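Counted from 1, the sequence shown has number 7 at position 7 by full-length UniProt numbering; the numbering is strictly sequential. Here is the structure we will look at.
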Amino acid sequence: MEKLSLTAKKRKQILRLGLLTFLITFLIFLTPLNALAVSFNSQNNENLFQGIDEFLTSIPKNYYTLMKVDDLKNIRNLVLIDVREPSEYYAGHIPHAINIPLPTLTQNLAQIPQEKPVVLYCSSGYRSAMGVMTLHLLGYDNVRGFPPSIAGWKTAGEPIEIGNVRG
């Protein structure tokens, strides 16, 4: 019986210690979060909000209108960038696309012209959207995404190149 009582006592002590640790950790992290919230609510960040607003209003109205394969095929002097990983690109990509994986996009800006139309695609639209946003933040207003991505291209019965890594 006593062993059981000691075990229950130890459990209570461990529970109290865990709760105390949680509360201390919570209070330590809560203070910077409150300071951050006050900081964001202050007028000192008016420039930040203005910058965000300018960025959001600078997104081209036709960003999501490049929804059809024919729209993509009809762009003259197009630079088409596949932002998937090299293994995905090698397994099949849209002809004439160059491969610049998303994590290396900013390291390869020299390959991305600002005077020609640029379209990014991936396998689902997620990585290309991140790439478009990144390039817009860097001043590339000639960049759009192709949300149908490689799957939409294949579904439309368009040709796919295999191998032949470019980029």
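Note that beta-carbon positions come from the ideal geometry of N, C-alpha and C, so glycine has one too. All values derive from a computational prediction rather than experimental measurement.
#### Entry: Beta-carbon proximity list for Leu109, same chain, < 8 Å, skipping 5 on both sides
Taking the first residue of the sequence shown as 1, we reach residue 109 at position 109. If we look at Leu109 and ignore the five residues flanking it on each side, its Cβ neighbours are Leu138.
### Query
Is it buried or exposed for Gly157, if we count other Cβ within 10 angstroms and need 16 for buried?
Taking the sequence shown and counting its residues from 1, one reaches residue 157 at position 157. Gly157 is classed as exposed because its beta carbon has fewer than 16 other beta carbons within 10 Å across all chains shown.
### Query
Just how far apart, CA to CA, sit Leu70 and Ala129?
As a first step, residue 70 must be located in the sequence shown, where it is residue number 70. As a first step, residue 129 must be located in the sequence shown, where it is residue number 129. Reading off the sequence shown, one finds Asp at residue 70, where the question assumed Leu. Per the coordinates, the alpha-carbon of Asp70 lies some 20 Å from the alpha-carbon of Ala129.
### Query
Apart from the five residues on each side of it in sequence, which residues of its chain come closer than 7 Å, Cβ to Cβ, to Trp153?
The residue given as residue 153 occupies position 153 in the sequence shown. Val69, Ile94, listed in sequence order.
### Query
Do you know how far the Cα of Ile75 is from the Cα of Pro148?
On the sequence shown, residue 148 is found 148 positions in, with the first residue counted as 1. On the sequence shown, residue 75 is found 75 positions in, with the first residue counted as 1. Using only the alpha carbons, I get a separation of about 16 Å.
### Query
Would DSSP call Arg76 helix, strand or coil?
Looking up residue 76 in the sequence shown gives position 76. If DSSP states are grouped into helix, strand and coil, Arg76 belongs with coil.
### Query
If you check the beta carbons only, do Leu72 and Val119 fall under 8 Å apart?
Residue mapping note: residue 72 aligns to position 72 of the sequence shown, counting from 1. Residue mapping note: residue 119 aligns to position 119 of the sequence shown, counting from 1. The Cβ-Cβ distance between Leu72 and Val119 falls below 8 Å.
### Message
Considering only their Cβ atoms, is the gap separating Ile100 from Asn114 smaller than 8 Å?
### Response
In the sequence shown, residue 114 corresponds to position 114, counting from 1. In the sequence shown, residue 100 corresponds to position 100, counting from 1. The amino acid at residue 114 is misidentified as Asn; the sequence shows Gln. No.
### Query
Skipping 5 residues on each side, what residues in its chain have a beta carbon closer than 6 Å to that of Leu30?
Here the question's residue 30 lines up with position 30 in the sequence shown. Unreliable positioning characterises Leu30 in this predicted model, as indicated by a pLDDT of 48, which lies under 50. The coordinate reading is nonetheless provided below. Beyond the five residues adjoining it in sequence on each side, Leu30 comes within less than 6 Å, by CB distance, of no other residue in the same chain.
### Query
From this set, Phe146, Asp141, Thr155, which residue's C-alpha is nearest Glu54's C-alpha?
For the purposes of this step, residue 54 is taken as the residue at position 54 of the sequence shown. It is Asp141 whose Cα lies nearest to the Cα of Glu54.
### Message
Among Leu80, Pro103, Arg84, whose alpha-carbon lies nearest the alpha-carbon of Ala97?
### Response
Your numbering for residue 97 matches position 97 in the sequence shown. It is Leu80.
### Message
Quick check on this structure: which residue in Gly163, Glu88, Ser87, Ile150 has the alpha carbon closest to the alpha carbon of Met67?
### Response
In the sequence shown, the residue the question calls residue 67 occupies position 67. Of the candidates Gly163, Glu88, Ser87, Ile150, the one whose C-alpha sits nearest the C-alpha of Met67 is Ile150.
### Task
Assuming Gly125 contacts Leu102 (C-beta within less than 8 Å), just tell me the rounded distance between them.
Within the sequence shown, numbered from 1, the residue matching residue 125 stands at position 125. Within the sequence shown, numbered from 1, the residue matching residue 102 stands at position 102. Incorrect: roughly 12 Å between the Cβ atoms, too far for contact.
### Query
Could you give the uninterrupted runs of the beta strand (DSSP E) lying entirely in the segment 69-142, keeping only those of 3 residues or more?
For secondary structure counted as the beta strand (DSSP E) over 3 or more consecutive residues, the segment 69-142 holds these complete runs in sequence order: 79-82, 118-121.
#### Entry: As assigned by DSSP and simplified to three states, the class of Glu54
Here residue 54 corresponds to residue number 54 of the sequence shown, with the count starting at 1. Helix, per DSSP.
### Query
Which residue or residues does DSSP assign as beta-bridge partners of Gly145?
Walking along the sequence shown from the start, residue 145 turns up at place 145. DSSP lists Leu120 as the beta-bridge partner residues of Gly145.
### Task
Have a look at Asn45 and Gly51 and give me their C-alpha separation to the nearest angstrom.
What you label residue 45 is simply residue 45 of the sequence shown in a count that begins at 1. What you label residue 51 is simply residue 51 of the sequence shown in a count that begins at 1. So the alpha carbons of these two residues sit roughly 10 Å apart.
### Other residues of its chain near Tyr89: CB distance less than 6 Å, five sequence neighbours each side excluded
On the sequence shown, residue 89 is found 89 positions in, with the first residue counted as 1. Counting only Cβ-Cβ distances below 6 Å, and skipping sequence neighbours, we find Asp82, Asn99.
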